[in-house]
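**Q**
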Amino acid sequence: MKNKLLEAWSKMLSKLDHWLDSIILALPNFIIAIIVFSFVLFLSKWINKLVLKLLDRSTMQRSMKNLISKLVSAVVVIIGLFIVLGILNLDKALNTVLAGAGVLGLAVGLALQGALANFYSGVVLSYIHFFKYGDWIESNGYEGEITNIDLRSVTLKQSDNNLVYIPNKMVVDSPIKNYSTTAQSRVILGCGVHYDSDLKFVRDLVVKTIVETFDAVTSSQEVIFMYNEFADSSINFETRFWIKSTSALQVAKAKSEAMIAIKAAFDANDINIPFPIRTLDFPEGFLGANTQKEAPVQGPSNE
15 MKNKLLEAWS
25 KMLSKLDHWL
35 DSIILALPNF
45 IIAIIVFSFV
55 LFLSKWINKL
65 VLKLLDRSTM
75 QRSMKNLISK
85 LVSAVVVIIG
95 LFIVLGILNL
105 DKALNTVLAG
115 AGVLGLAVGL
125 ALQGALANFY
135 SGVVLSYIHF
145 FKYGDWIESN
155 GYEGEITNID
165 LRSVTLKQSD
175 NNLVYIPNKM
185 VVDSPIKNYS
195 TTAQSRVILG
205 CGVHYDSDLK
215 FVRDLVVKTI
225 VETFDAVTSS
235 QEVIFMYNEF
245 ADSSINFETR
255 FWIKSTSALQ
265 VAKAKSEAMI
275 AIKAAFDAND
285 INIPFPIRTL
295 DFPEGFLGAN
305 TQKEAPVQGP
315 SNE
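Under this note's numbering, think of the first position of the sequence shown as 15, with each following residue one higher.
If you want it as structure tokens, here you go:
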């Protein structure tokens, strides 16, 4: 038994010596591989910046430029990995990995369907000309300025300065409202006046107020004014005009300014903006219908 233990111990020491010799022999290759891979990483970042600089001379969208530069940088890193594996004499292991890449790729593809869909949608969004950085859009119930388009999501900066990240697939599959495709935006404002008001005077006053308030509106012909409803307590109207803006936030601010100006003009000319009033009629004696006279309470008799 003792001899067997000594024999096993001797074999283990021999194996450890063999491994140590292999590590010492492979150490120069390992150091060279680290240096080469570090250089490849540095080279990929430099090539990324170089490609971006070259593409800046073209009319290509910024998102498409970023996509191309990242793909070129990724190709450089992959080539560097092949070189490192060759230095470490892992060519056979590389062939085994490539042989199993088909089955592994199928499994990964099934597991990462959402990620691959977002990747493809990101490429599509980077190629679309009417969808670019700085545009103010509305999609999937969110509204804001496009600050970034990558291979996973679209980043919107909302009017409250918060960031919203929408997966690319959702943006591609949903309607997109782009406020920045034209140089102007329309402001639509609704209001109502009392039934006793002079409707022609109200119309002229509102149009005049809009022209005087906004520099972009140069004449009364640019303002659309329409009465559209005999409501319960008011005659409602709608006015429309254009401003020089491509942002929904600026449209909201212009609408607020128009409301302030129109309210001030109405107050100066004794024009009322009515609000709903509800009148309750009660039957005669309703409040005292359930009131009953109480009989006097008599104390105990002393008789």
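From the three backbone atoms N, C-alpha and C, an ideal C-beta is built for every residue, glycine too.
Exposed or buried, what is V237 when buried is set at 16 or more other beta-carbons lying within 10 Å of its beta-carbon?
**A** Buried, because 16 or more other Cβ atoms sit within 10 Å of the Cβ of V237.
**Q** Inspect the CB distances between the stretch 253-261 and the stretch 279-291 and report whether three or more fall short of 8 Å.
**A** Contact between the stretch 253-261 and the stretch 279-291 is absent, because fewer than three Cβ pairs lie under 8 Å.
**Q** Taking the alpha-carbon of A268 as reference, which of L203, D295, M240 and N283 has the nearest alpha-carbon?
**A** When only C-alpha atoms are compared, the closest one is L203.
**Q** Between the beta-carbon of N43 and the beta-carbon of L102, is there less than 8 Å?
**A** Contact flag set, yes.
**Q** So which of V90, M26 and D70 has the shortest CA-CA distance to L57?
**A** Cα-wise, what sits closest to L57 is V90.
**Q** Is F215 buried or exposed, if buried means 16 or more other CB atoms sit within 10 Å of its CB?
**A** Counting Cβ neighbours within 10 Å, F215 comes out exposed, since fewer than 16 surround it.
**Q** Quick one: measure Cβ to Cβ for I6 and V201, integer angstroms, because I've assumed they're closer than 8 Å.
**A** Since the first residue of the chain shown is 15 and the last is 317, residue 6 is not available in this structure.
**Q** Which partner residues does R166 have in the DSSP bridge list?
**A** Its beta-bridge partners do not exist; DSSP assigns none.
**Q** Should the stretch 169-186 be called in touch with the stretch 220-231, which here means at least 3 C-beta pairs below 8 Å?
**A** Result no; under three Cβ-Cβ pairs closer than 8 Å.
**Q** Taking the alpha carbon of S261 as the reference point, which residue from I93, Q172, D187 and L219 has its own alpha carbon closest?
**A** Closest by alpha carbon: Q172.
**Q** When the distance is taken between beta carbons, is G136 closer than 8 Å to I163?
**A** Result yes, Cβ atoms of I163 and G136 sit closer than 8 Å.
**Q** Within 10 Å of its beta-carbon, does L64 have 16 or more other beta-carbons around it, so buried, or fewer, so exposed?
**A** Exposed, because fewer than 16 other Cβ atoms sit within 10 Å of the Cβ of L64.
**Q** List the DSSP bridge partners of R200.
**A** Partner(s): W256.
**Q** Determine whether the beta carbon atoms of L213 and Y241 lie at a separation below 8 Å.
**A** Yes. Within cutoff.
**Q** How many angstroms separate the CA atom of N283 from the CA atom of K222?
**A** If I take the Cα positions, the gap works out to 13 Å.
**Q** Quick one: what does DSSP say E308 is sitting in, helix, strand or coil?
**A** Only weak support exists for where E308 lies, its pLDDT of 47 falling under 50; the value from the coordinates is given anyway. It is coil, neither helix nor strand.
**Q** Let me know the alpha helix (DSSP H) ranges lying completely inside the stretch 174-239, each 4 residues or longer, listed in chain order.
**A** 182-187 and 213-227, all fully within the stretch 174-239.
**Q** In angstroms with no decimal places, state the Cα-to-Cα distance between S247 and H208.
**A** Distance between the alpha carbons of S247 and H208: 7 Å.
**Q** If you compare alpha carbons, which of A279, H143 and V98 is closest to F51?
**A** The candidate whose alpha carbon is nearest that of F51 is V98.
**Q** For T169, would you say it is in contact with chain C, using Cβ-to-Cβ distances shorter than 8 Å as the test?
**A** Checking the listed chains, one finds no chain C in this structure; it contains a single protein chain.
**Q** Pick helix, strand or coil for K269, following the three-state DSSP scheme.
**A** It is helical.
**Q** Let me check understanding here. Comparing Cα to Cα, which of L165, A131, V220 and T169 lies closest to D187?
**A** If we check each option's Cα against that of D187, A131 comes out closest.
**Q** To the nearest angstrom, how far is it from the Cα of T169 to the Cα of H143?
**A** C-alpha separation (whole angstroms): 17 Å.
**Q** Are the CB atoms of N154 and R166 within a distance shorter than 8 Å?
**A** No, these two residues do not count as a Cβ contact at 8 Å.
**Q** Determine the closest residue to T196 out of M184, F145, I46 and P189, with distance taken between C-alpha atoms.
**A** Minimum Cα distance to T196 is reached at F145.
**Q** Hey, out of Y134, V185 and S140, whose CA is closest to I151's CA?
**A** Closest option to I151, Cα to Cα, is V185.
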